[in-house]
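Asks: Here it is, the structure, as structure tokens.
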Amino acid sequence: MVYGALEAGGTKMICAICKENGEILEQVSIPTSSPDETMPRVIDFFKDKGIAALGVACFGPIDLDKSSETYGYITSTPKVKWQNYPILPVIEKALSVPAGFDTDVNGSLLGEVSFGSGRGLENAVYITIGTGIGGGVLSNGKLLHGMLHPELGHMILVPHEKDHFQGICPFHKNCFEGMASGPAMEARYGKKADSLSGIPLVWEIEAYYIGQALCNIILTLSPERIILGGGVMHQMQLFPLIRKQVKEQLNGYIKTKELADLDNYIVPASLNDNQGVLGCLQLAINARKGK
Ligand code: ADP
Ligand code: ZN
18 MVYGALEAGG
28 TKMICAICKE
38 NGEILEQVSI
48 PTSSPDETMP
58 RVIDFFKDKG
68 IAALGVACFG
78 PIDLDKSSET
88 YGYITSTPKV
98 KWQNYPILPV
108 IEKALSVPAG
118 FDTDVNGSLL
128 GEVSFGSGRG
138 LENAVYITIG
148 TGIGGGVLSN
158 GKLLHGMLHP
168 ELGHMILVPH
178 EKDHFQGICP
188 FHKNCFEGMA
198 SGPAMEARYG
208 KKADSLSGIP
218 LVWEIEAYYI
228 GQALCNIILT
238 LSPERIILGG
248 GVMHQMQLFP
258 LIRKQVKEQL
268 NGYIKTKELA
278 DLDNYIVPAS
288 LNDNQGVLGC
298 LQLAINARKG
308 K
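Position one of the sequence shown corresponds to residue 18 (the numbering used here), numbered consecutively onward.
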């Protein structure tokens, strides 16, 4: 039996066919240009592959409320062509299989707790730091949706004393994404983030923001582990700096066995950038079981 996995990102749609054990049999990437161009190609890929179910993890904001008339829609995204687009209904109608739906970051988190280093955890957070910043939350064994879904990337942060950058978020300026995403780094320094590896202050400031966001997350959501993915986190030098910031900023207020072992508490994504696809696989498996 095979399952379909659709990781619907703001720049590309990754479509894959997977086995239940996490083996990826086939995968393609289709640019996220406009629904008219992109979706027929996505549907074509999955058609005639005999998938038992499909899992879709999608960029947002999206409507996750199953009782809503716009369940499965992309809602108020800044990507104008995709605003109010019924991505899930369109693909369900075309493929006629059970389909699971969640945010892109909840998808990556589900991949990590189903197939990666987070296996068995009931409370965990996954954060991606790339073109944007987003976070998925597993709370008491369930992916957290709440009123809409968490938007951890837009928490407001206190600026670093040596950083005079205003921030690039069009809604909040100096939120987490506005200060620490790849494009924020590029706007602050006038260079791509991956060309700044040799400048210590750049990473001290970056780790200060990520550390501050993680402290807020630890204090509000109490995760058992925090997993960090996305392009910017390919800078492995950030990990020890972030752990140091978290220790300093928490200032001994919380004492748990997890926080006593920060090397195993704040960790990189473990699935070679396949966490999103494997999370979609798990969404598909759950959808087939009616979960
Ligand atoms: P997306 O968020 O679009 O899915 P990524 O997670 O790859 O894609 O994030 C892309 C962003 O990450 C870009 O802003 C890029 O400059 C930055 N980035 C990619 N690789 C690196 C790297 N090795 N070091 C620092 N920044 C990187
Ligand atoms: Zn913002």
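Built from N, CA and C at the ideal position, the CB exists for glycine as well.
1) How about V294: is its Cβ closer than 7 Å to a heavy atom in the ligand ADP?
2) Can you give me the C-alpha to C-alpha distance between P285 and K261, rounded to a whole angstrom?
3) From the DSSP secondary-structure annotation, give me the bridge partner or partners of P187.
4) Taking the DSSP output, what are the residues bridged to C120?
5) Would you check whether the ligand ADP has a heavy atom nearer than 7 Å to the C-beta of D119?
6) For the stretch 300 to 308 against the stretch 18 to 27, do three or more pairs of beta-carbon atoms, one drawn from each stretch, fall closer than 8 Å, so that the two count as touching?
7) Do E194 and I150 have their C-beta atoms closer together than 8 Å?
8) Taking 8 Å as the cut-off, decide whether the C-beta atoms of M196 and Y226 are in contact.
9) Roughly how many angstroms lie between the CA atoms of L169 and S125, to the nearest whole one?
10) Would you call Y143 buried or exposed, if buried means 16 or more other Cβ atoms sit within 10 Å of its Cβ?
11) Which runs of the alpha helix (DSSP H) at least 4 residues long sit entirely within the stretch 79 to 143? Give them in chain order.
12) Any residue with its Cβ nearer than 6 Å to a heavy atom of the ligand ZN should be included. What is that list in chain order?
13) Taking 8 Å as the cut-off, does the stretch 90 to 109 touch the stretch 264 to 271 (at least 3 CB pairs, one atom from each stretch)?
14) Assess contact between the stretch 196 to 209 and the stretch 169 to 182, defined as three or more Cβ pairs (one per stretch) separated by less than 8 Å. Is contact present?
15) Check whether the Cβ atoms of I146 and L231 lie closer than 8 Å to each other.
16) Tell whether a beta-carbon distance below 8 Å holds between A116 and V294.
17) Taking the alpha-carbon of G45 as reference, which of A69, N291, H189 has the nearest alpha-carbon?
18) Cα-Cα, which of Q100, K159, I47, P52 is closest to F62?
19) Ignoring anything shorter than 4 residues or poking outside the stretch 207 to 255, list the alpha helix (DSSP H) runs there in chain order.
20) Distance check for V249 and D211, CA to CA, integer angstroms please.
21) Taking only heavy atoms of the ligand ADP into account, decide whether any of them is closer than 7 Å to the Cβ of K209.
22) With a threshold of 7 Å, establish whether the CB of G147 neighbours any heavy atom of the ligand ADP.
23) Does at least one heavy atom of the ligand ADP sit under 7 Å from the Cβ of G247?
24) Got a sec, what are the start and stop residues for the beta strand (DSSP E) G152 sits in?
25) Can you check which of these residues, P167, S51, K264, is closest to L238 by C-alpha distance?
26) Within 10 angstroms of the Cβ of I216, are there 16 or more other Cβ atoms? Answer buried if so, exposed if not.
27) Less than 7 Å separating the Cβ of E129 from some heavy atom of the ligand ADP?
Replies: On the basis of the data shown:
1) no
2) 16 Å
3) DSSP lists no partner for P187.
4) For the sequence presented, residue 120 should be read as Thr rather than Cys. The partner list for T120 (beta bridge, DSSP) reads C75.
5) no
6) yes
7) yes
8) yes
9) 15 Å
10) buried
11) 104 to 112, 121 to 132
12) H171, C186, F188, H189, C192, E194, G195
13) no
14) yes
15) no
16) no
17) Going by the sequence as given, residue 45 is Val instead of Gly. Ranking the options by Cα distance to V45, first place goes to N291.
18) I47
19) 217 to 238
20) 7 Å
21) yes
22) yes
23) yes
24) 150 to 156
25) P167
26) exposed
27) no
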